[in-house]
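Asks: Can you read through this structure? Questions will come right after.
Chains as they are written, first to last, in my numbering: chain H, 95 to 769; chain D, 4 to 572.
Here's what the structure looks like:
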């Protein structure tokens, strides 16, 4: 304690002696003292004078008072009698029986066993040791005799209660700790005066470490595997040192020790994970923490392990916990939602299986199974218009499933607009409605597929591939009549008018076709270049392919499917990717304009993936040869261009710095165009 | 109020001021910090080397606790910079040794001590539940301490230092603890709001870290006709004439100046008071400013090269201070925002006089002061916003209250009246925009359309509020807005962007050929070229004035931060 300061001081009159330790009744915050063996004093914090405090004179000598939380104080008399303080105060002069004849009490301890206070004390007489267990409220008393130990006497006792059994630990003078088990008997009918039962003891711990023995004076139990012993360590040829030690009883090891060079009184107390001892002239408080006993900890190999207690200091998990609570409250539907959020593909089947069970929604859907289509749609719209509930997401999944089921049954039925509306307005995922995309593929609903590809985060690679194949195989003429969202492609695909002026204008990074050719050192035929420069696919197809490029995939799963792509389609797709790549490289920032247009990384990844999958086909096909060669040249030129850029990086940086200097002018008139 | 001489004085807050009530027990040692007990029975006062607890009813010191124990080697004094008195009798002190200590003041004992910093702990704030404390230190770091159970589910609790934050470069002079966030203000001129993630249910706008450098109010005013700018500093004003050019050019070009900008005059405020608000008239011949207690009006005359400044004598005395000044568009009158919802109208007289004409007051009364004013260009209307966020509109022709704009749940951050349509455009602190037709006393159909459609998410999630609104006289559908990081031309004739569209699409548009632009156009034309933006106004039909205040400009003027060794030497 860094700051020791008496908070209160009370003294008895001259001539009187305090004869047992003062205790505090934690229930009433009163202090209880005994002076001159028989006189009880009870007072509170605000009482200043002990003389004026409550006084009660008892008929017998008090040995000790034990204060038990929730049980009230218990008084143990020299003669072995036990009373609760309440009972005693009702009639202070009551007769106290003498339980022990010529024995002397050595130690006593009190515990709560359920609602019952239990008092244990040990007595000694002519080298024999006895243990008494008393329950004052039931007035039951048991007497036991401790097994004799040759050439050693118990020095110190401590006890605790586990599973209706008192575990008494005894520190013997042969530097050992013994354990004695005393069952707490329920029956009180046992006759008194019978010869005391003999308790057998077992060796728990030998207080010796590498030749040195610990002469213990006090013993405290810390938890089921740890005890603390205060004593002096005597190694042969060395000075005796007093120290506080913590031992692991499970592995018989010394866990830690602390030297106390100023000497102690030999007493040790322990409350709430703190040791209290008198070290020199100071009261020293030492905090401790017992980790769960493990062999690693016992041999000192456990270094950086975070104890679970420490991690519970900071409740980082509040958020998760709260979410958990919510999910417990609304049970299944939310579990479904959580799954859809996590997008566990493996759970797909279970989600589908559970859907019909969802509350009344499932019931409603079953009812609507055979309803006419217009009734179905109006009912479903009503269902979705409801206020958002935690299970709304799952409900919509069910609605879509109901619709797709209906479509499967009735090939003529296909509510295109309704499905589009649902997919566009709700945060659906593939796993919530696994049949939807298959149905759209079957019905060749390009727009719905595009929306799904853009919005679903968890489309299986198989379906992505099926979409890609469907898009590539569609004829341009047919696509022209299809309504798809062109936002991703319209800004850079110039199909209708081959406006070269626009393009030369935006050659920003200094790269030009001429430069490319100079660097390659070979003259590519002019004709092929013009083919490369125009987009190989129509605007609609480009927009659809962009949706594929945007969807998430895993290479390993996509590659086997891509191998099945017909050669013509593969080349068309590669040609489009090449076109995109060239388009990207035209700009300094290598991005394509427009909303949801593919990024350069997506383009490159798909290009590599496609080349990997179709490698042999590409090598064999004559029409692919020129494309590959152009691609190769272009990539090589890009690599050179960037390496040249790297070389002049220093100069560019200097230019940038100069630019900055100019910008830091405090006043300027600039032209600002806002479109 | 704790004083240098060691006394603690209690004042009563009465309408219109504070009133001395009594002196509490005076002891030697300057009082540096004070804290009321939540039940108002005691006051803790921190001094050098000790703190004391005073009983308010008796005025007596009931406990005096030394805090400099066990630091004997260093003979420096231990300054208690901040103190907090918790409801269960714990005193928390933050001192110059970087310690946060918990004391049982009744016993005078130290319960816990946490050394949070090697330099001083300067400020602390306690959450309302008293389970969390934020401490600001002189290294710019803030720390959170939380009262947590020692064992999960256990009853015994201890204070644990949980989260360190480093958002400031200099002293953290003030901290506050809201239920969901830690707020700190530093000598580096920043206000930082750090939400506590464990109190946030989901990732949202509220869960983002926020930093504020500039006050959310107008510090620059512009005389459009005279092309003058008035800059308000804390102790003085500066009037500048803008430079000009005769050239034109393409987007992004810097044009050569034919006339340099000219610093016309610096007007120093007398006395220690800071300037609270200022304004220059549109014609550029009147300049007014107000401090906490006084209001000043000046006449500016520019003849040729010379500038003369003359104080207007006998300015009507204002009992409460002015919160905002605004000249009418024709520079004939001056509106002074005042306490209790009132607006004074002064008539400006030639050659240099001023006369109180009228005081406008909301008919239902108001306890809050007016903090924003917007007169209409035709001199017919005046909109005034008071601290209770009510917007009152007055008819200036007959000095009558015209109507109240329906109250909204947020503070008004800027408002202006359209010169042609007399529609009042209002920007709220939650980034919502409303347009209210003054003649028809209702929201316009465009405003209703905006509300039903909703603004773009990127717009709503911006950090800083709109601080100024202007209009383009050439195109009535244009509204010019700005906050600290962007200026925006809001074109009402274009469709509103939906959440999937790119909000800041100017750079994309510039890349597109003219033909492809049409599809991409939407109402918000945003320019982020100028940052941090202090002020923006339209001078004439194609001339915009923009004032930037580079953060480095004032960062370099700050004192050196506390030296911290990064590597062991």
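For every residue, glycine included, the Cβ atom is placed at its ideal position computed from N, Cα and C.
Just so you know, these numbers come straight off a predicted model, no measurement behind them.
Establish whether the CB of residue 503 of chain D and some CB of chain A are separated by less than 8 Å.
Replies: Given the protein chain composition of this structure (H and D), no chain A is represented.
Asks: Any idea which residues DSSP pairs residue 385 of chain D with across the strands?
Replies: In the second chain, residue 385 of chain D corresponds to position 382, counting from 1. Bridge partners of residue 385 of chain D: D/378, D/397.
Asks: What residues from the region 561-589 of chain H come within 7 Å of chain D, judged by C-beta to C-beta, listed N to C?
Replies: Against chain D - using a Cβ distance shorter than 7 Å - the residues of the region 561-589 of chain H are 584, 585.
Asks: With distances taken between CB atoms, is the gap from residue 271 of chain H to residue 262 of chain H smaller than 8 Å?
Replies: Walking along the first chain from the start, residue 271 of chain H turns up at place 177. Walking along the first chain from the start, residue 262 of chain H turns up at place 168. No, they are not a contact pair.
Asks: Could you tell me how far apart the beta carbons of residue 458 of chain D and residue 472 of chain D are, in whole angstroms, since I believe they sit closer than 8 Å?
Replies: Residue mapping note: residue 458 of chain D aligns to position 455 of the second chain, counting from 1. Residue mapping note: residue 472 of chain D aligns to position 469 of the second chain, counting from 1. The pair is not a contact, with the Cβ atoms about 15 Å apart (cut-off 8 Å).
Asks: Looking at the secondary structure, which residues open and close the alpha helix (DSSP H) in which residue 711 of chain H lies?
Replies: By one-based count along the first chain, residue 711 of chain H stands at place 617. Looking at the DSSP string, the run of the alpha helix (DSSP H) that includes residue 711 of chain H is 709-714.
Asks: Return the first residue and the last residue of the beta strand (DSSP E) that residue 540 of chain D is part of.
Replies: The sequence position of residue 540 of chain D within the second chain is 537, counting from 1. 536-543 is the span of the beta strand (DSSP E), which, as asked, contains residue 540 of chain D.
Asks: Going along chain D in order, which residues have a C-beta closer than 7 Å to the C-beta of residue 762 of chain H?
Replies: As a first step, residue 762 of chain H must be located in the first chain, where it is residue number 668. Simply 257.
Asks: For the beta strand (DSSP E) containing residue 168 of chain D, name the first residue and the last one.
Replies: Residue mapping note: residue 168 of chain D aligns to position 165 of the second chain, counting from 1. Note, residue 168 of chain D: beta strand (DSSP E), 160-169.
Asks: Using the C-alpha atoms, what's the distance from residue 338 of chain H back to residue 382 of chain H?
Replies: In the first chain, counting from the first residue as 1, residue 382 of chain H sits at position 288. In the first chain, counting from the first residue as 1, residue 338 of chain H sits at position 244. C-alpha separation (whole angstroms): 12 Å.
Asks: Can you grab the Cα-Cα spacing for the pair residue 762 of chain H / residue 266 of chain D, in whole Å?
Replies: As a working mapping, residue 762 of chain H is identified with position 668 in the first chain. As a working mapping, residue 266 of chain D is identified with position 263 in the second chain. If you take the alpha carbons of residue 762 of chain H and residue 266 of chain D, they lie about 15 Å apart.
Asks: At 3 residues or longer, what runs of the beta strand (DSSP E) sit wholly inside the region 50-90 of chain D?
Replies: Correct list: 53-58, 64-69, 83-88.
Asks: The region 512-530 of chain D: which residues have C-beta closer than 7 Å to a C-beta of chain H, in chain order?
Replies: Residues 512, 513, 514, 515, 516, 519, 520, 522, 528, 530.
Asks: For residue 531 of chain H, is the classification buried or exposed, using 16 other Cβ atoms within 10 angstroms of its Cβ as the cut-off for buried?
Replies: On the first chain, position 437 is the one that residue 531 of chain H refers to. It is buried - the Cβ of residue 531 of chain H has at least 16 other Cβ atoms within 10 Å.
Asks: Quick one: Cα of residue 560 of chain D to Cα of residue 524 of chain D, how far?
Replies: One-based indexing of the second chain puts residue 560 of chain D at position 557. One-based indexing of the second chain puts residue 524 of chain D at position 521. Those two C-alpha atoms are separated by around 43 Å.
Asks: Does any residue of chain H have a CB that is nearer than 8 Å to the CB of residue 544 of chain D?
Replies: Numbered from 1 along the second chain, position 541 holds the residue referred to as residue 544 of chain D. Chain H, which has no Cβ nearer than 8 Å to the Cβ of residue 544 of chain D, makes this no.
Asks: Let me know if residue 275 of chain D comes out buried or exposed under the rule of 16 or more other beta-carbons within 10 Å of its beta-carbon.
Replies: Looking up residue 275 of chain D in the second chain gives position 272. Classification of residue 275 of chain D: exposed, given that the 10 Å Cβ count is below 16.
Asks: Given a threshold of 16 other Cβ atoms within 10 Å of its Cβ, counted over all protein chains shown, does residue 760 of chain H qualify as buried or as exposed?
Replies: Counted from its first residue, the first chain places residue 760 of chain H at position 666. With fewer than 16 other Cβ atoms within 10 Å, it is exposed.
Asks: How about residue 572 of chain D: is its C-beta nearer than 8 Å to some C-beta of chain H?
Replies: Along the second chain, read from residue 1 onward, the residue named residue 572 of chain D stands at position 569. Note that residue 572 of chain D scores 44 on pLDDT, short of 50, meaning its location in the model is unreliable; the coordinates nonetheless yield the value given after this. By this cut-off, residue 572 of chain D is not an interface position.
Asks: Taking only the alpha-carbon atoms, compute the straight-line gap between residue 414 of chain D and residue 438 of chain D and give it to the nearest angstrom.
Replies: Residue numbering aside, residue 414 of chain D sits at position 411 when the second chain is read from its first letter. Residue numbering aside, residue 438 of chain D sits at position 435 when the second chain is read from its first letter. Going from the Cα of residue 414 of chain D to the Cα of residue 438 of chain D covers about 16 Å.
Asks: Can you check which of these residues, H/161, H/220, H/230, is closest to residue 193 of chain H by C-alpha distance?
Replies: Within the first chain, the letter at position 99 stands for residue 193 of chain H. The residue with the shortest Cα to Cα distance from residue 193 of chain H is H/230.
Asks: Out of D/157, D/302, D/134, point me to the one whose CA is closest to residue 148 of chain D's CA.
Replies: On the second chain, residue 148 of chain D is found 145 positions in, with the first residue counted as 1. The candidate whose alpha carbon is nearest that of residue 148 of chain D is D/134.
Asks: For residue 310 of chain D, I'd like the list of residues in its chain whose CB is within less than 6 Å of its CB, leaving aside the five on either flank, ordered along the chain.
Replies: Here residue 310 of chain D is taken as the residue at index 307 of the second chain, counted from 1. Excluding residues within five positions, the ones whose Cβ falls inside 6 Å are 267, 268.
Asks: Go ahead and pull the three-state DSSP assignment for residue 215 of chain H.
Replies: Position 121 of the first chain, counted from the start, is the residue given in the question as residue 215 of chain H. Three-state result, residue 215 of chain H: strand.
Asks: Beta-carbon of residue 142 of chain H versus every beta-carbon of chain D: anything under 8 Å?
Replies: As a first step, residue 142 of chain H is located in the first chain; it is residue number 48 there, counting from the start. No - not a single Cβ of chain D is within 8 Å of the one on residue 142 of chain H.
Asks: If you measure beta-carbon to beta-carbon, which residues of the region 244-277 of chain D are closer than 8 Å to chain H?
Replies: If the cut-off is 8 Å between Cβ atoms, the region 244-277 of chain D has 246, 247, 248, 251, 252, 253, 254, 255, 256, 257, 258, 260, 263, 264 near chain H.
Asks: Sorted by chain position, which residues of the same chain lie with C-beta nearer than 8 Å to residue 185 of chain H's C-beta, five sequence neighbours on each side aside?
Replies: As a working note, residue 185 of chain H is residue 91 in the first chain. Cβ neighbours of residue 185 of chain H beyond the five flanking positions: none.
Asks: Using a beta-carbon distance below 8 Å, is residue 515 of chain H in contact with chain D?
Replies: On the first chain, position 421 is the one that residue 515 of chain H refers to. False, the Cβ-Cβ gap to chain D never drops below 8 Å.
Asks: Consult DSSP for residue 406 of chain H and reduce its assignment to one of helix, strand or coil.
Replies: Here residue 406 of chain H corresponds to residue number 312 of the first chain, with the count starting at 1. Annotation note: pLDDT 27 at residue 406 of chain H (below 50); position unreliable, coordinate value reported separately. Residue 406 of chain H falls in the coil class under three-state DSSP.
Asks: Per DSSP, what kind of secondary structure is residue 206 of chain H in: helix, strand or coil?
Replies: As a working mapping, residue 206 of chain H is identified with position 112 in the first chain. It is a strand residue.
Asks: Once the 5 residues before and after residue 388 of chain D are set aside, which same chain residues still bring their CB inside 7 Å of it?
Replies: Locating residue 388 of chain D in the second chain gives position 385, where the first residue counts as 1. Excluding residues within five positions, the ones whose Cβ falls inside 7 Å are 373, 374, 375, 394, 415, 418.
Asks: Who pairs with residue 404 of chain D in a beta bridge, going by DSSP?
Replies: Position 401 of the second chain, counted from the first residue, corresponds to residue 404 of chain D. For residue 404 of chain D, which the question treats as bridged, DSSP gives the partners D/397.
Asks: Using alpha carbons as the reference points, say which of D/383, D/287, D/408, D/422 lies closest to residue 399 of chain D.
Replies: For the purposes of this step, residue 399 of chain D is taken as residue 396 along the second chain, with counting starting at 1. Checked all of D/383, D/287, D/408, D/422; the closest Cα to residue 399 of chain D is D/383.
Asks: Can you pull the chain H neighbours of residue 159 of chain D, defined as C-beta to C-beta under 8 Å?
Replies: If you number the second chain from 1, residue 159 of chain D lands on position 156. What residue 159 of chain D touches in chain H: 366.
Asks: Would you say residue 148 of chain D reaches chain H, if we count a Cβ-Cβ gap shorter than 8 Å as a contact?
Replies: Counting from one through the second chain, the residue named residue 148 of chain D turns up at place 145. Not closer than 8 Å to any Cβ of chain H, the Cβ of residue 148 of chain D fails to qualify, so no.
Asks: Could you confirm whether any beta carbon from chain D is found closer than 8 Å to the beta carbon of residue 261 of chain H?
Replies: Translated into the one-based positions of the first chain, residue 261 of chain H becomes position 167. Chain D contact via Cβ: absent.
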